[in-house]
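Numbering (the numbering used here), first residue to last: 184 to 609.
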């Protein structure tokens, strides 16, 4: 099932991807080293295209890498997930030579993805864009540079894309691309519609992220708790082979066997539901649409402690963007900080780590005060917490960088998060 991860790098200067220059950068690197010998690699489609194969070591992790110089037009159906300037688009259109960086992922999927970006950033330092072929998306070269130089890996959602296929009617077929490079099955939801597909998108995305975090596939009929839809109704999902899934959707027009190419016919599983606890042992599954009337009403999908911790580290690592924008004192700029508040004693589970028992809630940043060698963020609470009774909407608090778990910068033009903070430099 596991496929190789191929990324096509669009350089700013075509001379930068000459193999001899690429190898020279590798030789001068202190962080990424070649182990073993360099091998010439023939291109399966064109013997005249130069390519090399090697093993690279990053922080003790080894990967088999293949490099090839070629030209790939950006497919029209690829999703552009980052904003590009008009100048960048003009430059991309003029480039006639690209570099393919192909590698096999380890069982640590997110680290492997991050390492692939680090390899690209070293080998082709001036990159305008990267085509991530498995997930069928185009990512910004500036974002790649920021992510590669970070100590924190990107969000798991970058490893895949959820595509929505529609026809002439209301029906929508959702399916993922990109999970097979992790040795995971692609996921799909059959029989969605134009009113619900965004909510169903979140269902697939949450399940895929959980599998990436768990570093293993959800087995057929294995239950996965995904969200509380009401105080009494939980959303518990599972997967079945897409052929089995189709039996529950006899009237669908999209996603039938005749609609599928080879990619969507193999290692693809349909998302289904368990409605009752007894259904798990009986392997009695139902369509996702059985819970549509509850979905989308402030549904809070479960976020793991690992993802919360990753987001916190990224927000703190890139907090300088917040400080810089606040120094401008622009009245049209507003900043929200998400702060982790310690819950009241009555809500603490004595058997769990106190650090994980926090309520993460949004504050508006009013000002930054400097106190000794650190900054203090003066913030106003935007909503009443559930588990911290002494605080209310409008409460003022003082916090430090270590309390911040996320942030958003709002300007007249758009919003910025730690993930796309590079846009502030455009």
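Ideal Cβ positions, reconstructed from N, Cα and C, are used throughout, including at glycine.
Collapsing the DSSP output to three states places residue 310 in a strand. Taken in chain order, the complete alpha helix (DSSP H) segments of 4 or more residues contained in the region 266 to 349 are 269 to 277, 292 to 306, 324 to 331. Residue 241 places its beta carbon less than 8 Å from that of residue 298. Pairing residue 292 with residue 188, the inter-Cα distance amounts to about 11 Å. With 16 or more neighbouring CB atoms inside 10 Å of its own CB, residue 391 falls in the buried class. In its chain, beyond the 5 residues on either side, 524, 542, 544, 574 have a beta carbon closer than 7 Å to the beta carbon of residue 568.
When rounded, the separation of the alpha-carbon atoms in residue 437 and residue 378 is 16 Å. Cβ-Cβ separation between residue 190 and residue 394: approximately 21 Å, too far for a contact (criterion under 8 Å). Apart from the 5 residues on each side of it in sequence, residue 205 sits with its Cβ closer than 6 Å to the Cβ of 306 in its chain, given in chain order. Spatial neighbours of residue 354 in its own chain (CB-CB distance under 7 Å, excluding positions within 5 residues in sequence) are listed in chain order as 374, 376, 435, 436, 437. In the displayed model, residue 461 falls within a helix according to three-state DSSP. In the structure shown, residue 202 adopts helical secondary structure according to DSSP, grouped into three states. Taking a cut-off of 8 Å on C-beta distances, the region 586 to 593 touches the region 505 to 521, as three or more cross pairs fall below it.
Note: residue 487 is not bridge-paired with any residue in the DSSP secondary-structure output. The Cβ neighbour count for residue 215, taken over all protein chains shown within 10 Å, is at least 16; the residue is labelled buried. Counting the other Cβ atoms within 10 Å of the Cβ of residue 311 gives 16 or more, which makes it buried. Each of 275, 521, 338 was checked against the Cα of residue 502, and the nearest Cα belongs to 521. Given a length threshold of 4 residues, each whole run of the alpha helix (DSSP H) inside the region 348 to 414 is given here in chain order: 380 to 397.
For residue 524, DSSP records a beta bridge to 542. In the structure shown, the three-state DSSP call for residue 519 is strand.
Using a Cβ-Cβ distance cut-off of 8 Å, the region 265 to 277 and the region 346 to 364 are not in contact, since fewer than three pairs of beta carbons, one from each stretch, lie closer than that value. The alpha-carbon separation between residue 513 and residue 540 amounts to approximately 36 Å. In its chain, beyond the 5 residues on either side, 539 have a beta carbon closer than 6 Å to the beta carbon of residue 488.
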